[in-house]
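Position 714, counted from 1, in the sequence shown is what this note's numbering calls 950; the numbers after and before it change by one each time, with no gaps. Here a beta-carbon is modelled for each residue, glycine too, at the ideal position from N, C-alpha and C. Notes follow the structure.
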Amino acid sequence: MPKLVIDNIEVEVPSGTKVIEAAERLGIMIPRFCYHHALGSAGACRMCAVKFLQGPFKGVQMSCMVDAQDGMVVSTTDPEAVAFRKQVVEWLMINHPHDCPVCDEGGQCLLQDEVVSGGHGIRRYLGRKRTYRDQFLGPFIAHEMNRCIHCYRCVRYYREFAGYRDLGTMQIGNRVYFGRFRDGALESPFSGNLVDLCPTGVYTDKPSRYRVRRWDLQRSPSLCIHCSLGCNTIANAKYREVVRIEGRYSEAVNGHFICDRGRYGFGYGNLPERPRKARVNGAEVPMNEAVHAASDGLSGIVRDFGPGAVAVLGSARNSLETQTMMERVSRMNGWKCPRYFVNPLTEAKVKKAVSRLDKTVSISLRGIESADFILAVGVDPVNEAPMLAPAMRQAFRKEAVIVVADPRPVSLPFDFRHIPLLPGRLESFLDALGKTVSEGAAPAPEPHGEGRLPAGVPESDASLRDCAVSVSAMIGNSRHPVIVCGTEIGDGGTIDAAARLAAVLREKQGRAGLFYVLPGPNAFAAALWNRSGDRTFADLFAEMEQGTIKALLVVEADPMADFADREKREAALNKLDLLVVLDYLPSETAGRADVFIPSTTLFESGSSFINQEGRLQYAEPVHRGGLPLAQVSGGGHPPRVFDSAIPGGEAEPSAWILQGLAEGETLPEGRSLAENPFWGIASRSGALEALQDAPYPSNDVLVVPDSASGGVESGRGKSTDGARRDGVLEIIAAGSIFGSEELSSYSALIRGVEPEAHAIMHPEDASRAGLSGGDTIRITLDGGPVEIRLETSEKAAKGALILPTWDRVVRRALKGFSNMVPTERIQKV
């Protein structure tokens, strides 16, 4: 490792480290504009100049372009280097509009910092400034090209890192322009990162434009809870309202960046229609009165019908504190144990996935970037776990081979091999691949991991085996293969098969990663609480219909939002004697509640979540809660009333509301739930047991076990399962990054960019049904007819009818757990 001296301080760094990075290890921040840790060096801005006094380089050089080497002596404060940087800043300011007073970047602008630190206060250039025309880039980002200093960060991120092509560099020399060929919304669902990356104010956050300055904001480290990845964020609030979300660096999870759903899906916390008052039988009441009504009502049900007459429903968006308290309350009162999944198939798949993970195979999101072979099975990364797509792209940029087996026409910002298989065929494919790898039956890999899949969709067993042999050849001598497996489509057999394949690869290749995508931010924890042998919530709904269960406590969940068995669920809820709901969303279930108690979001109360990897993370509260000032004042002057209460501030964290229902529990001396809400109850889950004696809140802690609890049984060889049947199409749900996820669907910003709903079929299936792409079709589903535009795609699996889950009409029409539709029920309008 080379040793060098920077500003009279010696430092030793790994080979390949740039001088600018070596200086950071000493706490010396060399000025920069174009350099960024995630993007690397460009040498475009000339702002990181330093003086090399000894070593292989001499004189003023750009520190981002020079590798640290033995014997280097570097000065960042040499007068020649300082004068050079001062000149660079002045050059950059020649054409700048000097509009700091009206620029949203003011107070967080790197250019502003460098101008001030460089000692500039008077503009010497008196000529005419260069001006540009700004573009419309969509609802998320405002464009102010006149502020550009040509650092190239934006296009390097957008095109190289994220992999999208509709924003780039145009013109030449002093007229270089960064934008689109024509006005229009940016295509990348990761475009919001341009706001964080831009060192000036060329790209600014449009939703918060002209509303806030950095120094006006309450800022706290937070988490994105719009999928199971658990990306780290910074929440920004002003006047009891979240106004902006920024990416926060996480070495293990999301790196520097976040997706646009995580950045702009925060509107659920500021909803004007958000329920902030407690209600009993439809009438608003004080908070304590509603809690007493719920407690008395539940106690009455237990007294009259026994504790088994009370059921509890949570969800995968419950924080770990809330889930812990639900378990505690249920245990103390003898109620049926809480359930966290409405759909029993989803519950079984999540429990199976979590049981298959251990520290030998569980891999972080950032770990995927170092993979040299990735097989994604039954997952649409951009739409189900968005930041998974950029992670896979970074592996692709390092020449990783990527294969996706999925019935949907998956779109990713890089080249990959696609195998369009129906969900029932995925397990057979994985087992065939595992057998080929284990037996070493694949041909020698082609140079650079190239490989060709057999032409057409693998429908027969023979073609499936041929496909497995081709993929096995692509694996070749991979040293770090990773299996990514979704849980939205397919069955538990696919999840088991993914674990079996990871075990085979680990044995043959020496190393392998297993990465499950789960349906919700805390689905991992929900699976830990679920014990084997417990009845599913579908069974509990049957008991509600029969009148056995008389009361239901729903905590931050909406069983009416799930599209399966809607009428049956509605009838079951109507038969209850008591429905108690704790939530912060104006859901349909909340509207039906006999007792409704408002709860807080993670922005208002600290919350812990466990992501799909098994990583426990904590989100700090950013503001105290209450009605946003803009909603109190109507946008004018705040009310001239002195009051100690915060308007709309009655809501409390669900965990502490539930604690009121568990009063009477005795804890050992010296133990307090306020100090550690996990004490005692966490011992009921082996993975969480260590939390009860750990400091609270814990952060960045892996709770996966040392070895998988479920084991990995041998394959069952279901070679014909899921085969296409003539005259029948299998309905497959297709999500969207915008509109499918529950919390972000309450955001007006996200609703405004939902894609147009459309169905997708393979052209051969469409032709057999007398249809073609572009037709408007009527599909007669169990829940009623749906009219929708049809698109055809060669990348869709034959025998599949792909329907959009973000469309509310489609969701209501899908009924029950039947997923087949005869082609005669699909007609051209």
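Which residue or residues does DSSP assign as beta-bridge partners of residue i?
i, result
"P717", "F609"
"N472", "R455 and R480"
"L657", "Paired residues: none, contrary to the question."
"Y400", "Per DSSP, none; premise fails for Y400."
"A547", "L788"
"H994", "R1025"
"V310", "I242 and F288"
"K1064", "I1013"
"G712", "Its beta-bridge partners do not exist; DSSP assigns none."
"Y439", "H379"
"H272", "G276"
Relative to the C-alpha of residue i, which residue among the options is closest?
i, options, result
"G885", "A709, H272, A584 and G505", "G505"
"A970", "L927, P659 and L938", "P659"
"D452", "C434, V479 and D441", "V479"
"Q848", "G357, L764, V989 and R364", "L764"
"V351", "F376, R321 and E966", "R321"
"N810", "G827, D819, G872 and L821", "G827"
"M237", "N244, Q853 and V249", "V249"
"L812", "L741, E824 and M780", "M780"
"A1002", "T1028, R987 and S980", "T1028"
"V740", "I711, Y752 and R282", "I711"
"S277", "K287, A778 and I256", "I256"
"A636", "Y752, I719 and W915", "I719"
"H873", "P522, P864 and A910", "P864"
"P1040", "A1049, R851 and Q867", "A1049"
"F426", "V412, S458, V391 and P457", "V391"
"V527", "D929, V1057 and W892", "W892"
If you drop the 5 nearest sequence neighbours on each side, which residues of the same chain put their C-beta closer than 8 Å to that of residue i?
i, result
"T582", "T723 and P755"
"S869", "P875"
"L289", "V309, V310, S311 and D314"
Who are the near neighbours of residue i in its chain, counting only those whose CB is closer than 6 Å to its CB and skipping five residues on each side?
i, result
"F502", "V478 and I481"
"T956", "With a pLDDT of only 43 at T956, under the threshold of 50, the placement of this residue in the model should not be trusted; the figure read from the coordinates follows. None."
"G541", "Reading off the sequence, residue 541 comes out as Phe, not Gly. The residues are K786."
"R952", "Note that R952 scores a pLDDT of 48, beneath 50, so its modelled location is shaky and nothing firm can be said."
"L240", "A304 and M308"
"T836", "G861, A887 and P889"
"H684", "The predicted model places H684 with a pLDDT of 47, which falls under 50 and marks its position as unreliable; any figure quoted below should be read in that light. If we look at H684 and ignore the five residues flanking it on each side, it has no Cβ neighbours."
"H859", "Q454, A473 and R476"
"R629", "G399, P649 and F650"
"L373", "H379 and L422"
Considering just the uninterrupted stretch of the alpha helix (DSSP H) at residue i, what are its terminal residues?
i, result
"V500", "Just to set this straight, residue 500 is Tyr in the shown sequence, not Val. From DSSP, the alpha helix (DSSP H) with Y500 extends over D496 to Y500."
"D616", "Segment: none, D616 is in no alpha helix (DSSP H) and carries neither H nor E."
"S591", "P580 to R592"
"D942", "Segment: none, D942 is in no alpha helix (DSSP H) and carries neither H nor E."
"P999", "P999 to R1004"
Tell me where the beta strand (DSSP E) around residue i begins and ends.
i, result
"S965", "Before going further, note that residue 965 is Leu rather than Ser in the sequence given. Run containing L965: V964 to A970, per the beta strand (DSSP E) assignment."
"E520", "A519 to V521"
"D203", "A question about residue 203 goes unanswered here, because the residues of the chain that appear run from 237 up to 1065."
"P643", "From DSSP, P643 is part of no beta strand (DSSP E); its letter is neither H nor E."
"V1057", "M1056 to P1058"
"M298", "G295 to M298"
For residue i, count neighbouring Cβ atoms within 10 angstroms of its own Cβ and tell me buried if that reaches 16, exposed if not.
i, result
"D446", "Checking the sequence shown, residue 446 turns out to be Tyr, not Asp. Per the 10 Å Cβ criterion, exposed."
"V1065", "exposed"
"W327", "exposed"
"P717", "buried"
"E792", "buried"
"P757", "buried"
"E1105", "No answer is possible for residue 1105: the residues shown for the chain start at 237 and end at 1065."
"G900", "A caution first: G900 carries a pLDDT of 48, below 50, which makes its placement in the model unreliable, though a value can still be read off. So G900 counts as exposed."
"F878", "exposed"
"Q371", "buried"
"E663", "buried"
"F1053", "Note that F1053 scores 42 on pLDDT, short of 50, meaning its location in the model is unreliable; the coordinates nonetheless yield the value given after this. It is exposed - the Cβ of F1053 has fewer than 16 other Cβ atoms within 10 Å."
"I358", "exposed"
"D496", "buried"
"H334", "exposed"
"L430", "buried"
To which residues of the same chain is residue i closer than 7 Å at the C-beta, ignoring the five residues directly before and after it?
i, result
"I264", "I242, D243 and T312"
"Y337", "Note that residue 337 corresponds to Pro in the displayed sequence, not to Tyr. Contacts found: none."
"I330", "Y361"
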